[in-house]
Structure formats: C-alpha cells, structure tokens
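Enquirer: The structure under discussion is supplied below as structure tokens; questions concerning it will follow.
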C-alpha cells in the first residue's frame, strides 16, 4: 500500500467533491421530527429514539464552580465505533472512511470503518444499511484486538457510552471490498494525519487509543518503569469516585436556571459555555440523505493537554481524577488540563484550571523539543457544532514537583493503555491524547 500522503489528500478531495453537503441553521421549533415536550420543555424526537435534550442539576465538590444547572444530551443507547485491521505485505492497515457530519467545521473528516448509533444500524430512519457492520457485531467474523464500552464528553452528555472495537481480518488474504468512501491506511500514515488539524475525527481517535501502545509509530513512549503501580492508580481513582461523588438529577429543560429557552435556541444568560441550535442537513453520502436535528454549539475553543516529565528515565504524563456533570461513574482519568479558557474569564485568577498557564506559555514560545505535538482536533460532529479543542503534550523538567496533590497522579502511557482496554476509566479527551502520544512521531 502507498505511504504517499499526497495521494491520500487527492483521494480525500475527490470524496469531498463526489457528494453535495448543506447544513442550514433553523429555529428549534422548525426542526422536522423534533418538538418540545409540553410539560418539561425537553427537546425530543417523534420516534422516541436517537437522543434528547434535557436539563441537569449538578453538584461536583472541589470544582471551581461546585453547583450549577445546564442542558444535557441524553442518548442511552450504545453505538458501534469499529476499525477493521488488515496486513498488507506484513504491515497493518486500518480501513477508514471519509464521512460527513453536520457539526464538522469542514464537513468531511476521517471516520472509523463503522460509526453508527443503534438507531442508525437498526434503521429507525429507514435509511441505507451500514457497511461492514456485521464484521463487528457477529462473533467469529474476525479476531478482536480491543472491545470496550467507552464514555464520551461528560460535560455535555449524560452517561453516554459507545462500543469501541478493533477487529483484525481472520486471514491476511481475506478480500474485503473497499467502497468508494473508504480507504486502507497504514499506522504510519494515520500518525501523520493525526497531526493535521480537523482531519481525524473523534470517533476514530477514541478507537485508535486502544492500539496506541502496541501498533502506533510512537509506541516507544509507552515503555519504562512507572512511578505508581496500576493498583495504586486504581485505588486513587476509586477513592475519588466514592469519597465525594457527583450529585446530579435530571430536571425539565425549562427549569435550567441561568439559561434562556426560546423558539430559536437554548443559550446561557451571560453568553457563556454553549448553545443548543437547530440545523437542517442535506448529505448525499449518508444513510439518510436529509434530516433535521439539534446540535450543541460551544462558545469557545478548548485546551486539552498532558504535562510530560521523565521520572527515573521513564516518560510520565500528569493525569487528574476528573468529575463532570454527565460522567457515568462520577470521575474518570482525565488530562492535566481540560477546559475552555473563555469559560473562566469572569473568575478570579486563583480559580483558573491548574497548569493552564504553563501549557499556554510553552505553546506560545516553545524551546525545541518541549512540545511533542500541538494540533486542533474536532469533537463529535454528529452532536456538536464546530466543537474544537487544541490538544498538546508539553515536556516539563524537575521544576514541576512530583507531588501535585490528591487530584493528580503521574502515570506512564503504557499504564493508561492498559487501563484503557477495560473501558470507562479514561475520559474521551485523555483517549485522544493517548492516541496522539502513540501515533504522532
């Protein structure tokens, strides 16, 4: 298989030109198939499937803001995010697709082999069948390399999980028909494409995180002697999950104090955080060619980062036990820094996220080798509108103490990869960083 990225980009632009896409902003009250519940104001689909927008009352001890109310997306059904792997001349490749999502800043991005909600693949919308689905949902069709239920954005989803699965074809010579919007890519190619802004979508990144320590081009970063044992890391996380658990309850959308619910959108009274907007979509390449839906639109771009420090000659990343409004098990292992800086502009300096200034200073004038990667990545384009985070890994020295308090721990990437195989332990932002650590040279 070719490793020429110019050839890939020609193919990608051909796929973009092959289909017509149009996303039009419309008022929430004009969304076809969606309506506000007369009693709660919750935004629901007429089928009772897909997802809904509700209100949430939250208390998270220890956060800069401990209590609040907000809208939240509820999608209880599990989707499938699957990547098919096959060797070509002894080199493993992944089958990825060029897929349009209505919230993507650039319409088309690289998606997994299969990216489908249960409503999609059970064809609630009467759309086309999802290609390659049976390779992931039928036991014995391939050799599983990873299979776990993983969370998604805890700040915006209520306890959402998707199945992340990697399957290798049983025989290296097995023919898998490659449809027009699909392409085999080597791990090296994927690593280079991960370093391109807004190209490899969130669903691909979370599945790739399961391969980062074994098949990624930069897997050497995952080796070495850890500062803490795995049982110590699990003990630390479980302590935070049980000591002061997040208290949350779903409430009617119309009772989300501090938010305005209008015919046009749902927005914060002070213009912060995010909005819920409506869009009409036309996309000839999708299972259904036209539909309407709400999208969550963040107000600003986020910063997500690992601080990286050598301990005893082994690279470690600084992680935190992070509790969020919609996290299923109160807290998961998150990055060193995970925030939208604009959301803290109204707060005193001592309430800004820890280490944010260190990351931003390093990114603005980095000495050679200090920033391992710095790339802007899009989040889930099927539910979020132009949601983007700047992902970085920044090397620090001995001037950053080993003791960072109870909320933080140093871990090797190999330890995070081991924990990641079981699902529900690393949040989706940490999984993107893990994929970048393993794949970006």
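Residue numbers (this note's numbering): 47 to 487. Built from N, CA and C at the ideal position, the CB exists for glycine as well.
1. From the DSSP output, read off the bridge partner residues of residue 313.
2. Among the candidates 50, 463, 63, whose CA atom is the shortest distance from the CA of residue 265?
3. Please report how far the alpha carbon of residue 92 lies from the alpha carbon of residue 100, in whole angstroms.
4. Measuring CA to CA, which of 73, 102, 62, 196 is closest to residue 123?
5. Only counting the same chain, and skipping five residues up and downstream in sequence, which positions put a Cβ closer than 7 Å to that of residue 467?
6. Does the distance from the CB of residue 240 to the CB of residue 481 come in under 8 Å?
7. Would residue 369 pass as a contact of residue 360 if the rule is Cβ separation under 8 Å?
8. Going by the CB atoms, is the gap between residue 141 and residue 230 shorter than 8 Å?
9. Pairing CB atoms from the stretch 294-302 with CB atoms from the stretch 384-403, are three or more of them under 8 Å?
10. Among 373, 303, 444, whose alpha-carbon lies nearest the alpha-carbon of residue 357?
11. When DSSP labels each residue in this structure, what does residue 456 get in the three-state scheme?
12. Please state the DSSP three-state secondary structure of residue 121.
13. Quick one: complete beta strand (DSSP E) runs, 3+ long, within the stretch 152-230?
14. I'd like the span of the beta strand (DSSP E) that includes residue 81, first residue to last.
15. Report the option in 116, 66, 425, 62 whose CA atom is closest to the CA atom of residue 307.
16. For the alpha helix (DSSP H) holding residue 475, just list the boundary residues, first then last.
17. Drop a sphere of 10 angstroms on the beta-carbon of residue 426, count the other beta-carbons inside from all chains shown, and report buried for 16 or more, exposed for fewer.
18. Could you check whether residue 244 and residue 347 sit closer than 8 Å to each other, using their CB atoms as the reference points?
19. State the CB to CB distance for the pair residue 485 and residue 181, rounded to an integer number of angstroms; the pair is presumed to be in contact (CB under 8 Å).
20. Between residue 214 and residue 132, which are expected to be in contact by the criterion C-beta below 8 Å, what is the C-beta distance as a whole number of angstroms?
21. Report, in whole angstroms, the separation of the C-beta atoms of residue 461 and residue 251, which I expect to be a contact under 8 Å.
22. So the alpha helix (DSSP H) residue 237 belongs to, where does it begin and stop?
23. Tell me, please, which residues DSSP counts as bridged to residue 146.
24. Compute the Euclidean distance between the alpha carbons of residue 119 and residue 472, then round it to the nearest angstrom.
25. Please check the pair residue 148 and residue 72, which I expect to be a contact at CB under 8 Å, by giving their CB distance rounded to whole angstroms.
26. Helix, strand or coil for residue 430, going by three-state DSSP, please let me know.
27. What is the DSSP secondary structure of residue 48, reduced to helix, strand or coil?
28. Cβ of residue 405 within 8 Å of Cβ of residue 336?
29. DSSP on residue 373, reduced to helix/strand/coil?
30. Which residue wins for smallest C-alpha separation from residue 415, given the options 433, 67, 60, 442?
31. From which residue to which residue does the beta strand (DSSP E) around residue 253 run?
32. In its own chain, which residues sit with a C-beta less than 7 Å from the C-beta of residue 177, not counting the 5 before and 5 after it?
33. In the DSSP assignment, find the beta strand (DSSP E) that holds residue 291 and state where it starts and stops.
34. The alpha helix (DSSP H) with residue 406 in it runs from where to where?
35. Ignore the nearest five residues each way along the sequence and tell me which others in residue 310's own chain have a CB closer than 6 Å to its CB.
36. Hey, would you say residue 96 sits closer than 8 Å to residue 235, going by beta carbons?
Expert: With the given structure in hand:
1. Looking at the DSSP assignment, residue 313 forms a beta bridge with 306, 321.
2. Residue 265 has its Cα closest to that of 463, out of 50, 463, 63.
3. Just so you know, the alpha carbons of residue 92 and residue 100 end up roughly 15 Å apart.
4. For the residues 73, 102, 62, 196, the minimum Cα distance to residue 123 belongs to 196.
5. Excluding sequence neighbours, residue 467 sits near 192, 194, 256.
6. For residue 240 and residue 481, yes; Cβs fall inside 8 Å.
7. No, the pair does not count as a contact, with Cβ atoms beyond the cut-off.
8. A Cβ-Cβ contact shorter than 8 Å links residue 230 with residue 141.
9. Contact fails: fewer than three Cβ-Cβ distances are below 8 Å.
10. Here the closest residue by C-alpha is 444.
11. Strand at residue 456.
12. Coil.
13. List check, beta strand (DSSP E) in window: 154-157, 160-162, 188-197, 207-215.
14. Per DSSP, the continuous beta strand (DSSP E) segment holding residue 81 begins and ends at 80-82.
15. Restricting attention to 116, 66, 425, 62, the CA atom closest to the CA of residue 307 is found in 116.
16. Its alpha helix (DSSP H) spans residues 474-485.
17. By the neighbour-count criterion, in which 16 or more other beta carbons inside 10 Å mark a residue as buried, residue 426 falls on the buried side.
18. Taking 8 Å as the Cβ cut-off, residue 347 and residue 244 do not qualify as a contacting pair.
19. Wrong, their Cβ atoms sit about 23 Å apart, outside the cutoff.
20. With 8 Å as the limit, residue 214 and residue 132 qualify as a contact, their Cβ atoms being about 7 Å apart.
21. Their Cβ separation, rounded to whole angstroms, is 19 Å, which puts residue 461 and residue 251 out of contact at 8 Å.
22. Residue 237: member of the alpha helix (DSSP H) spanning 233-240, first to last residue.
23. Paired residues: 154.
24. Distance between the alpha carbons of residue 119 and residue 472: 20 Å.
25. In fact, because the Cβ distance is near 12 Å, the residues do not count as touching under 8 Å.
26. Residue 430 falls in the strand class under three-state DSSP.
27. Its pLDDT being 48, under 50, residue 48 is placed unreliably by the model, and the measurement read from it follows with that caveat. Residue 48: coil per DSSP, three-state reduction.
28. No.
29. DSSP, reduced to helix, strand and coil, places residue 373 outside both helices and strands of the structure shown, so it counts as coil.
30. Of the listed residues, the one whose Cα sits closest to residue 415 is 442.
31. DSSP places residue 253 outside any beta strand (DSSP E); the residue lies instead in the alpha helix (DSSP H), whose first and last residues are 248-254.
32. Within the same chain, 225 come within 7 Å of residue 177 by CB-CB distance, once the 5 residues on both sides are set aside.
33. Note, residue 291: premise wrong, no beta strand (DSSP E); not H, not E.
34. 402-410 is the extent of the alpha helix (DSSP H) around residue 406.
35. Correct list, in chain order: 73.
36. Taking 8 Å as the cut-off, the beta carbon of residue 96 is found no closer than this to the beta carbon of residue 235.
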